[in-house]
Amino acid sequence: MENLTNQVLELKNGKNYLIVRQAIFNGTTYFFGAEVSEDGEDITDNFLFFERVDKDGKFLVKEVKDPEILEILAKNIKVE
């Protein structure tokens, strides 16, 4: 699987997130992303964790909402 760190993902809602970190936990790939401003020039103060979901030969991401997973990710994904 390719590393998406430092790449921008565009979500279905049109928002773009710069992938700051990527990690695998219990066989699932997670991303920590920072929202990119509409003009594409800056990073906003909106951060989210995403889970990679493989479907029909493609991959999608969905926001992580499980509080237990969020706590584990927050403790273990360090931003330098």
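Quick note on my numbering: the sequence shown kicks off at 950 and runs consecutively.
Positions of the beta carbon are idealized from the N, C-alpha and C atoms, including for glycine.
Computed from a predicted structure; not experimentally measured.
Coil, strand or helix - residue i by DSSP
| i | result |
| --- | --- |
| E1012 | strand |
| E984 | strand |
| E951 | coil |
| N962 | coil |
| I973 | strand |
| I1026 | coil |
| E990 | coil |
Buried or exposed (CB count within 10 angstroms, at least 16 for buried), residue i
| i | result |
| --- | --- |
| V1010 | buried |
| V985 | buried |
| Q956 | exposed |
| A1023 | exposed |
Proximity below 9 Å, CB of residue i to CB of residue j
| i | j | result |
| --- | --- | --- |
| V1013 | F999 | yes |
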